[in-house]
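K.L.:
Going by our numbering, the first residue of the sequence shown is number 665, and it counts up by one from there.
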Amino acid sequence: MSKVTVFEEARAKINLTLEVSPVNQDGMHPISSKMVTLDFCDDLELTQLDDHALSRYAVLWHEDAPKPTEIDWPITADLAVRAHRALEQSVGHVLPVQMKLVKRIPVGGGLGGGSADAGAMLRATVALFDLDIDCADIALKLGSDVPFMFHGGACEVSGIGNKVVPVSYPARHIVLAIPEYSCSTADVFRVFDSATHGIETGPNELLGAACSVHPRLKEDMQTLSKVTGKGIHLSGSGSTMFVICDNAEQAAELAEKIRMQTTLVALATQTSP
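(1) Can you list, in chain order, the residues of its chain with a C-beta nearer than 8 Å to that of Lys667? Leave out the 5 residues immediately preceding and following it.
(2) Use the C-beta contact count for Pro770: other C-beta atoms within 10 angstroms, 16 or more gives buried, fewer gives exposed.
(3) Let's see if you can read the secondary structure: which residues bound the alpha helix (DSSP H) around Arg854?
(4) Alpha carbon to alpha carbon, how far is Val839 from His815?
(5) If you reduce the DSSP assignment to three classes, tell me which class Lys764 lands in.
(6) Helix, strand or coil for Ser903? Go by DSSP, reduced to three states.
(7) Checking the sheet assignment: what are the DSSP bridge partners for Pro830?
(8) Quick check for students: name the residue ranges of the beta strand (DSSP E) that lie wholly in the segment 693–731, counting only runs of 3 or more.
(9) Check for me: the alpha helix (DSSP H) holding Ala932 runs from which residue to which?
(10) Taking all protein chains shown into account, decide if Phe671 is buried (16 or more other Cβ within 10 angstroms of its Cβ) or exposed.
(11) Could you tell me the distance, in whole angstroms, from the CA atom of Ser832 to the CA atom of Lys698?
(12) Going by beta-carbon coordinates alone, are Val723 and Asp703 separated by less than 7 Å?
(13) Are Ser899 and Leu775 closer than 7 Å when you measure CB to CB?
(14) Under the three-state reduction of DSSP, which class applies to Arg836: helix, strand or coil?
(15) Looking at the secondary structure, which residues open and close the beta strand (DSSP E) in which Ala676 lies?
(16) What's the gap between the Cα of Ala835 and the Cα of Ala859?
(17) Which residues share a DSSP beta bridge with Asn868?
(18) By a C-beta neighbour count over all protein chains shown, 10 Å radius and 16 as the cutoff for buried, is Arg720 buried or exposed?
(19) Quick one: what's got a C-beta closer than 7 Å to Lys731's C-beta in the same chain, skipping five residues either side?
(20) So Asp781 is in the alpha helix (DSSP H); what residue range does that whole segment cover?
(21) Rounded to a whole number of angstroms, what is the C-alpha to C-alpha distance between Lys921 and Asp794?
(22) Considering only the alpha carbon of each residue, which of Asp706, Ala803, Met763 lies closest to Leu718?
(23) Taking Cβ to Cβ, would you say Pro867 is nearer than 7 Å to Thr681?
(24) In terms of residues, what are the limits of the alpha helix (DSSP H) holding Lys805?
See the structure below:
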């Protein structure tokens, strides 16, 4: 058979707002969040293999990745691989592919990199094999951000991530500010549940807990505010901060100022449909 290849962009996300409810009886935190995807993305290349071939997976960092780290997780634990195998289980037969995932989105940055990869894998596999399947339940089982990442754009997300409603949001230019440290989502939620962080949170209710887990985060946000003269936001459970800009020129200018005047990695991007 002739090999067919599809390409998908696994786009990062930011949380414009994030409200978090106490843990429910299933051990989950219901949320209400306005999320939007960005042009900043990982690249997924997926090639269909012969029916009896074994699937092959490769994950690597792009040369322009702002914060590459060691890829030290087992390939079977990668969310994109798990998404592919979940689809195989759902349809009841193998879907042989060769996957090349080239990453830019930092690990542990609150930008949803793993979830973006899973959403892209679901879209790519469905397209490659022309599957007639509803991916909603599969996406949710992979993670609470995956249903939104499968959809993309701007959405109001609620429940345990299972309710995804598209909303209008004007195109905006964004500067991402990425520190050298990461925030463990589990640690942030543990502190959030203890309700002892005592920090004003603003539009992201995980901010106080994230600052408690990483005290430098509060200092970095204060520094960013002075350097940019703008409001500073935290995406998800951190550690990536972002600034909403008026236009592309301002975004480029502020990204350069952040790089010159702080230890943070900064890049200009924009929201994407």
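We put the beta carbon where it would ideally sit given N, CA and C, even for glycine.
P.N.:
This is what the structure gives:
(1) Here the set comprises Thr711, Gln712, Leu713.
(2) Its Cβ being crowded by 16 or more others within 10 Å, Pro770 is buried.
(3) Per DSSP, Arg854 belongs to the alpha helix (DSSP H) from 849–858.
(4) Distance between the alpha carbons of Val839 and His815: 23 Å.
(5) Residue state, collapsed to three classes: strand.
(6) For Ser903, the three-state secondary structure derived from DSSP is coil.
(7) Cys819, per the DSSP bridge assignment.
(8) When DSSP assignments are scanned along the segment 693–731, the uninterrupted stretches of beta strand (DSSP E) that are 3 or more residues long and fall wholly within it turn out to be 695–712, 720–725.
(9) From DSSP, Ala932 is part of no alpha helix (DSSP H) but of the beta strand (DSSP E) over 929–934.
(10) It is exposed - the Cβ of Phe671 has fewer than 16 other Cβ atoms within 10 Å.
(11) Rounded to whole angstroms, the gap between the alpha carbons of Ser832 and Lys698 is 11 Å.
(12) Going by C-beta atoms, Val723 is not nearer than 7 Å to Asp703.
(13) Yes, these two residues count as a Cβ contact at 7 Å.
(14) In the three-state reduction of the DSSP assignment, Arg836 falls in the coil class.
(15) 669–684 is the extent of the beta strand (DSSP E) around Ala676.
(16) Cα to Cα, the separation comes out at about 35 Å.
(17) Answer by DSSP bridge pairing, in chain order: Leu682.
(18) Under this definition Arg720 is an exposed residue.
(19) Here the set comprises Pro770, Ile842, Val929.
(20) Unbroken alpha helix (DSSP H) run through Asp781: 777–793.
(21) The alpha-carbon separation between Lys921 and Asp794 amounts to approximately 47 Å.
(22) Considering only alpha carbons, the answer is Met763.
(23) Their beta carbons are under 7 Å apart, which means Pro867 touches Thr681 by this criterion.
(24) Element bounds for Lys805: 800–806.
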